[in-house]
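Numbering (the working numbering), first residue to last: 1 to 327.
Glycine included, each C-beta is placed from N, C-alpha and C at the ideal position.
Every value quoted in this text rests on a predicted model; they were computed, and no experiment measured them.
Some notes on the structure that comes next.
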């Protein structure tokens, strides 16, 4: 399955459309929080859990997860950044489900636990972690994060000061850029995407055979056709060809999509991740690459071979990326 990639802002907008259509926001939060608990329990079936809750929606997910984990028979301690009586809306309602003690976040520092559930902040965080949150981010141990590890900007995939490094990240509806772009993805561990009933755009996706095997568009190339112009760049060449692009873009995905529109054709960026973009807005990130690089020669050969099978250029490039990766 090829999962979509959306920005935190796009995810918020998608959720709001669902709420505006009549689905109670707390119902979506409850599905999300219970999914987090179930995935944590599945991945780490034993051990005491400390749940770190923030004052917003992520904290609400954390309270629901704590309630669910206790139902599953787990030993759970809950810590909150702030005071329970300051919580509002869905977060306050989620807190009310938890009938146990709610400790201050400072009390969690140095407190032994087998697993930490990081439900402090999501991918929309815009300022560095401070105080107890920053100290907890730097403690060793097994961590499961909700949405995006706290301290990572979900849009740019960059740490904003101290940040958690998760063994498992449970996110919702789609990946965020931080899950698939360096350096953020190095802090996410294994990423599990949960369907919470929120439809999202499929324009930007993880590369997967379904992108090119299941495409229903009729190819206008056909066997024997020559490959159209395809621009392949390493990181340095990309920056030289499109000066200032990365500075103006939100992240690498945005940068390569902008470049494709400027160039008016297919763009392939082979850096820490391989990104492929078309001027029409479609983009994929190939995560098969782990510490290696894509050979320009092998990519062009694989691209030509894929074109000769009748695949359209974008799908041919997606197939070529998977075929030409080398570790």
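Exposure label - residue i; buried when at least 16 CB within 10 Å
i, result
"residue 312", "buried"
"residue 220", "Bear in mind that a pLDDT of 49 at residue 220, under 50, signals an unreliable position, so the number given afterwards is only what the model happens to contain. So residue 220 ends up on the exposed side."
"residue 68", "buried"
"residue 222", "Reliability of the predicted coordinates at residue 222 is poor, the pLDDT of 48 falling under 50, and the value obtained from them is presented with this limitation in mind. Its Cβ having fewer than 16 others within 10 Å, residue 222 is exposed."
"residue 324", "buried"
"residue 99", "exposed"
"residue 35", "buried"
"residue 264", "exposed"
"residue 7", "buried"
"residue 37", "buried"
"residue 155", "buried"
"residue 52", "buried"
"residue 62", "buried"
"residue 136", "buried"
"residue 181", "buried"
Straight-line Cα distance separating residue j from residue i
i, j, result
"residue 112", "residue 261", "52 Å"
"residue 224", "residue 278", "Residue confidence is low: residue 224 scores 43 on pLDDT, short of 50, so the model does not pin down where it sits. No coordinate-derived value is stated."
"residue 257", "residue 283", "7 Å"
"residue 153", "residue 124", "6 Å"
"residue 289", "residue 304", "Low confidence applies to residue 289: its pLDDT is 47, below 50, so where it sits in the model is not reliable, and the reading given next is rough at best. Straight-line Cα distance between these residues: approximately 21 Å."
"residue 236", "residue 251", "16 Å"
"residue 103", "residue 160", "26 Å"
"residue 9", "residue 200", "12 Å"
"residue 196", "residue 31", "6 Å"
"residue 122", "residue 271", "27 Å"
"residue 309", "residue 294", "22 Å"
"residue 191", "residue 307", "32 Å"
"residue 134", "residue 268", "37 Å"
"residue 142", "residue 150", "14 Å"
"residue 66", "residue 164", "19 Å"
"residue 88", "residue 57", "10 Å"
"residue 255", "residue 238", "10 Å"
"residue 86", "residue 33", "20 Å"
"residue 315", "residue 188", "28 Å"
"residue 114", "residue 19", "36 Å"
"residue 215", "residue 287", "Note that residue 215 scores a pLDDT of 46, beneath 50, so its modelled location is shaky and nothing firm can be said."
"residue 202", "residue 281", "10 Å"
"residue 301", "residue 274", "16 Å"
"residue 198", "residue 242", "35 Å"
"residue 97", "residue 81", "17 Å"
"residue 244", "residue 73", "54 Å"
Contact belief for residue i with residue j at Cβ below 8 Å, rounded distance in angstroms
i, j, result
"residue 318", "residue 276", "6 Å"
"residue 296", "residue 232", "5 Å"
"residue 3", "residue 175", "5 Å"
"residue 117", "residue 211", "Their Cβ separation, rounded to whole angstroms, is 34 Å, which puts residue 117 and residue 211 out of contact at 8 Å."
"residue 184", "residue 178", "3 Å"
"residue 119", "residue 54", "6 Å"
"residue 60", "residue 91", "4 Å"
"residue 207", "residue 321", "6 Å"
"residue 162", "residue 128", "7 Å"
Alpha helix (DSSP H) segment containing residue i, residue limits
i, result
"residue 65", "57–71"
"residue 283", "Here residue 283 belongs to no alpha helix (DSSP H); instead the beta strand (DSSP E) covers 283–286."
"residue 115", "Taken as a continuous stretch (DSSP letters only), residue 115 belongs to no alpha helix (DSSP H), being part of the beta strand (DSSP E) at 115–119."
"residue 297", "296–308"
"residue 270", "No alpha helix (DSSP H) contains residue 270, which is instead part of the beta strand (DSSP E) from 266–270."
"residue 152", "First-last for residue 152: undefined, no H or E at that position."
"residue 18", "8–20"
"residue 194", "That residue, residue 194, is in no alpha helix (DSSP H); its beta strand (DSSP E) goes 190–194."
Contact test: residue i Cβ vs the ligand COA heavy atom, cutoff 7 Å
i, result
"residue 277", "Because no ligand of any kind appears in the structure shown, any question about the ligand COA cannot be addressed here."
Delimiting residues of the beta strand (DSSP E) encompassing residue i
i, result
"residue 230", "230–234"
"residue 90", "First-last for residue 90: 89–97, but that is the alpha helix (DSSP H), not the beta strand (DSSP E)."
"residue 52", "49–53"
| query | Given 8 Å as the limit, is there contact between the stretch 69–85 and the stretch 108–123, that is, 3 or more CB pairs closer than that? | reply | Yes, the stretch 69–85 is in contact with the stretch 108–123.
| request: Would you be able to state if there are at least three C-beta pairs under 8 Å between the stretch 128–148 and the stretch 165–180? | output: yes
| task | Give a yes or no on contact between the stretch 34–51 and the stretch 3–23, applying the rule of three or more CB pairs nearer than 8 Å. | result | no
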